[in-house]
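**Student:** Here it is, the structure in full.
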Amino acid sequence: MDVRAAVAIAAGKPLEVTTVQLEGPKAGEVLVEIKATGICHTDEFTLSGADPEGLFPAILGHEGAGIVVETGAGVTSVKKGNHVIPLYTPECRQCPSCLSRKTNLCTAIRATQGQGVMPDGTSRFSMGGKKLHHYMGTSTFANFTVLPEIAVAKIRADAPFDKVCYIGCGVTTGIGAVINTANVHPGAKAIVFGLGGIGLNVIQGLRLVGADMIVGVDINNDKKAWGERFGMTHFVNPKEIGKDLVPYLVDMTKTPADQIGGADYTFDCTGNVQVMRQALECCHRGWGTSVIIGVAGAGQEIATRPFQLVTGRVWKGSAFGGARGRSDVPRIVDWYMDGKIEIDPMITHVLPLADINKAFDLMHAGKSIRSVVTF
Ligand code: NAD
Ligand code: 022
Ligand code: ZN
């Protein structure tokens, strides 16, 4: 069938909005009509050519929402008409990783997903007879896409696509990092580095679980009001404090009863490896836990003195907020529909597919929190 898509023809070039061909779903796959998609950093990272694993030509996009229009042989967990969110981290519930209950990183289709093809090793997308690669197993920059059954979360039918698409990446990543990865307790002191589309969701996750002190750190003063909007209690601009950031933050989190200082939990939402070090080192001696969410550029390395870890600080990372997509995403949609979390104010721009390159420009300029394309 013919579908409308934004095609990443080559690294460093704008997306080309055009008609491409899509084959129907094979066994274990579903055809989904994508109604809305967010534009996220990793789409830009790949399109720019900076991602060494990026494949071209490809249909990018990994933050979508839509409706199942056809199911392939053997599909049982969803049917035609179901509303779904595509999952770049699938949940097969059968592989050793899923069965371990220790990680959300399902391995069922990992190899083929990284190669830009479906689990049978072939692509469903083509243009003029030439194969197009899938991307992150989702390819949501098209009004129809084919997904493995294990890579869709079935959601309630009354949730608006142009909002809940953000749960496909940013919302789940931020809130999940607080709940699943850090397991933040009520009354905690937390510091969030980078108040963009991820950091703001970490902040609302911290508010949700009842953290007492939520410090936001950003080099852009415009982010102060944004952070406060979602529960931040203190703001620090590292450029304006006139001294070293780590001791400043340790001092801020010090209480008379404690005298040591440091946060119970910190979150890197910048992808900057120097910031990751600061986030670890402003954790409380003995137990403070720092979660890396930001994705650093290819070849980057993190550093700290081993003493920081020997004295009990914990460094961990989080992919898709540690969420098991098919189990956790529908619940997060419910939280949104019940008013427990907010999404609407973070979606600063809504654009038609024809203007998708403008969404990338807005991201570059730091003018958007999230842009959403509606089909
Ligand atoms: P964003 O660009 O919207 O936000 C980044 C923020 O960091 C900006 O507000 C910027 O001003 C701030 N910043 C930059 N340098 C800083 C510094 N030195 N100190 C303090 N603040 C600084 O980006 P985003 O959409 O929020 O994404 C953040 C990161 O999370 C990206 O690296 C993205 O790839 C990653 N991410 C990871 C996952 C995952 O599963 N691990 C999922 C989604 C996104
Ligand atoms: C989403 N991300 C960044 C912005 N939006 C993002 C990028 C990468 C990951 C998670 C979120 C990620 C962390 C760990 C992995 N990935 C490896 C998972 C594994 O090996 O099992 C990751 C994922 C998908 C892909 C590449 C890396 C891909 O499909 N190409 C989840
Ligand atoms: Zn993303």
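Okay, so the sequence shown: first residue is -16 according to my numbering, each after it adds one. For every residue, glycine included, the Cβ atom is placed at its ideal position computed from N, Cα and C.
1. Measuring only from the beta carbon, is residue 117 closer than 7 Å to any heavy atom that is part of the ligand ZN?
2. Report yes if the C-beta distance between residue -8 and residue 123 is below 8 Å; otherwise report no.
3. Look at the Cβ atom of residue 187, then the Cβ atom of residue 162, and state whether they are nearer than 8 Å.
4. Determine the direct distance from the alpha carbon of residue 250 to that of residue 169, and round the result to whole angstroms.
5. By the three-class DSSP mapping on this structure, what secondary structure does residue 24 have?
6. Skipping 5 residues on each side, what residues in its chain have a beta carbon closer than 6 Å to that of residue 383?
7. What distance in whole Å lies between the Cβ atoms of residue 278 and residue 136, which are believed to be in contact at a cut-off of 8 Å?
8. Inspect the beta-carbon positions of residue 156 and residue 303 and report whether they are closer than 8 Å.
9. In chain order, which continuous runs of the alpha helix (DSSP H) of length 4 or greater are located wholly inside the stretch 48 to 101?
10. Along the chain, where does the alpha helix (DSSP H) containing residue 199 start, and where does it finish?
11. Does the beta-carbon of residue 221, which I'm using as the reference point, lie nearer than 7 Å to any heavy atom of the ligand NAD?
12. Return the first residue and the last residue of the beta strand (DSSP E) that residue 330 is part of.
13. Would residue 29 be called buried (16 or more neighbouring beta carbons within 10 Å of its own) or exposed?
14. Given a cut-off of 8 Å, decide if residue 296 and residue 266 are closer than it, judged by their beta-carbon atoms.
15. Does the beta-carbon of residue 120, which I'm using as the reference point, lie nearer than 7 Å to any heavy atom of the ligand 022?
16. Heavy atom of the ligand 022 less than 7 Å from the Cβ of residue 97, yes or no?
17. Are there 16 or more other CB atoms within 10 angstroms of the CB of residue 238, so buried, or fewer, so exposed?
18. Tell me which residue opens and which closes the beta strand (DSSP E) that residue 248 is part of.
19. Specify, as a first and last residue, the run of the alpha helix (DSSP H) that residue 354 falls within.
20. For the ligand NAD, any of its heavy atoms closer than 7 Å to the Cβ of residue 24?
21. So if DSSP puts residue 300 in a beta bridge, which residue, or which two residues, is it bridged to?
22. Just to confirm, is the Cβ distance from residue 276 to residue 301 under 8 Å?
23. Are there any heavy atoms of the ligand ZN lying less than 7 Å away from the beta-carbon of residue 46, as far as the coordinates show?
24. Might you give, ordered along the chain, the residues of its own chain that have their beta carbon closer than 7 Å to the beta carbon of residue 212, omitting 5 neighbours on each side?
25. In angstroms, rounded to a whole number, what distance separates the CA positions of residue 34 and residue 231?
26. Could you tell me the boundaries of the beta strand (DSSP E) in which residue -1 lies?
27. DSSP state of residue -14, grouped into three classes?
28. Tell me which residues share the same chain as residue 21 and place their Cβ nearer than 6 Å to its Cβ, disregarding the 5 neighbours each side in the sequence.
29. Beta-carbon separation of residue 131 and residue 73 under 8 Å?
30. Please state whether DSSP places residue 17 in a helix, a strand or coil.
31. Quick check on residue 12: does DSSP put it in helix, strand or coil?
32. DSSP state of residue 239, grouped into three classes?
33. Under the rule that 16 or more other beta-carbon atoms within 10 Å means buried, what is residue 380, buried or exposed?
34. Please state the DSSP three-state secondary structure of residue 232.
35. Less than 7 Å separating the Cβ of residue 315 from some heavy atom of the ligand NAD?
36. Tell me whether residue 106 counts as near the ligand NAD, meaning its Cβ is closer than 7 Å to at least one heavy atom of that ligand.
**Tutor:** Reading from the atomic positions:
1. As a first step, residue 117 must be located in the sequence shown, where it is residue number 134. Not so, every heavy atom of the ligand ZN lies at least 7 Å from the Cβ.
2. Along the sequence shown, one-based indexing puts residue -8 at 9. Along the sequence shown, one-based indexing puts residue 123 at 140. No, the pair does not count as a contact, with Cβ atoms beyond the cut-off.
3. Against the sequence shown, residue 187 aligns to sequence position 204. Against the sequence shown, residue 162 aligns to sequence position 179. No.
4. Looking up residue 169 in the sequence shown gives position 186. Looking up residue 250 in the sequence shown gives position 267. So the alpha carbons of these two residues sit roughly 17 Å apart.
5. Mapped onto the sequence shown, residue 24 falls at position 41. In the structure shown, residue 24 sits in a helix (DSSP, three-state: H, G or I).
6. As shown, the chain starts at -16 and ends at 358. That puts residue 383 outside it, with no answer to give.
7. As a position in the sequence shown, residue 136 is number 153, starting the count at 1. As a position in the sequence shown, residue 278 is number 295, starting the count at 1. So it is not a contact: roughly 22 Å between Cβ atoms.
8. Here residue 156 refers to the residue found at position 173 of the sequence shown. Here residue 303 refers to the residue found at position 320 of the sequence shown. It is a contact, given that the beta carbons lie within the stated cut-off.
9. 79 to 83 and 93 to 97
10. For the purposes of this step, residue 199 is taken as the residue at position 216 of the sequence shown. Where residue 199 is concerned, there is no enclosing alpha helix (DSSP H), although the beta strand (DSSP E) it sits in stretches over 196 to 200.
11. Taking the first residue of the sequence shown as 1, we reach residue 221 at position 238. It does: the Cβ of residue 221 is within 7 Å (strictly closer) of some heavy atom of the ligand NAD.
12. The count along the sequence shown starts at 1 and reaches residue 330 at position 347. It spans 330 to 335 - the beta strand (DSSP E) in which residue 330 sits, taken as one unbroken run.
13. The sequence position of residue 29 within the sequence shown is 46, counting from 1. With 16 or more other Cβ atoms within 10 Å, it is buried.
14. Here residue 266 refers to the residue found at position 283 when the sequence shown is read from its first residue. Here residue 296 refers to the residue found at position 313 when the sequence shown is read from its first residue. Yes, they are a contact pair.
15. Here residue 120 refers to the residue found at position 137 when the sequence shown is read from its first residue. Residue 120 Cβ: within cutoff of the ligand 022.
16. If you number the sequence shown from 1, residue 97 lands on position 114. Checking every heavy atom of the ligand 022 against the Cβ of residue 97, one is found closer than 7 Å.
17. Walking along the sequence shown from the start, residue 238 turns up at place 255. Residue 238 is exposed by the Cβ-count criterion.
18. Numbered from 1 along the sequence shown, position 265 holds the residue referred to as residue 248. Counting along the chain, the beta strand (DSSP E) containing residue 248 begins and ends at 248 to 251.
19. Looking up residue 354 in the sequence shown gives position 371. Note, residue 354: premise wrong, no alpha helix (DSSP H); beta strand (DSSP E) at 353 to 357.
20. Position 41 of the sequence shown, counting from 1, holds the residue named residue 24. Checking the Cβ of residue 24 against the ligand NAD gives yes.
21. Looking up residue 300 in the sequence shown gives position 317. DSSP output for residue 300 lists 275 as bridge partner(s).
22. The sequence position of residue 276 within the sequence shown is 293, counting from 1. The sequence position of residue 301 within the sequence shown is 318, counting from 1. Result yes, Cβ atoms of residue 276 and residue 301 sit closer than 8 Å.
23. Here residue 46 refers to the residue found at position 63 of the sequence shown. Yes, the ligand ZN has a heavy atom inside 7 Å of this Cβ.
24. The sequence position of residue 212 within the sequence shown is 229, counting from 1. 328, listed in sequence order.
25. Looking up residue 34 in the sequence shown gives position 51. Looking up residue 231 in the sequence shown gives position 248. Roughly 35 Å between the two C-alpha positions.
26. Taking the sequence shown and counting its residues from 1, one reaches residue -1 at position 16. Here the beta strand (DSSP E) through residue -1 covers -1 to 5.
27. The residue given as residue -14 occupies position 3 in the sequence shown. Strand, per DSSP.
28. As a position in the sequence shown, residue 21 is number 38, starting the count at 1. Result list for residue 21: 46, 148, 149, 353 and 355, in chain order.
29. Residue numbering aside, residue 131 sits at position 148 when the sequence shown is read from its first letter. Residue numbering aside, residue 73 sits at position 90 when the sequence shown is read from its first letter. Going by C-beta atoms, residue 131 is nearer than 8 Å to residue 73.
30. Translated into positions along the sequence shown, residue 17 becomes position 34. In the structure shown, residue 17 sits in a strand (DSSP, three-state: E or B).
31. As a first step, residue 12 is located in the sequence shown; it is residue number 29 there, counting from the start. Reduced to three states, the DSSP call for residue 12 is strand.
32. As a working note, residue 239 is residue 256 in the sequence shown. Here residue 239 sits in coil by DSSP.
33. Outside the displayed span of the chain (-16 to 358) sits residue 380, for which this structure offers no information.
34. Numbered from 1 along the sequence shown, position 249 holds the residue referred to as residue 232. Reduced to three states, the DSSP call for residue 232 is helix.
35. As a first step, residue 315 is located in the sequence shown; it is residue number 332 there, counting from the start. It does not: the Cβ of residue 315 is nowhere closer than 7 Å to a heavy atom of the ligand NAD.
36. As a first step, residue 106 must be located in the sequence shown, where it is residue number 123. No; taking the cut-off as 7 Å, the Cβ of residue 106 has no heavy atom of the ligand NAD nearer than that.
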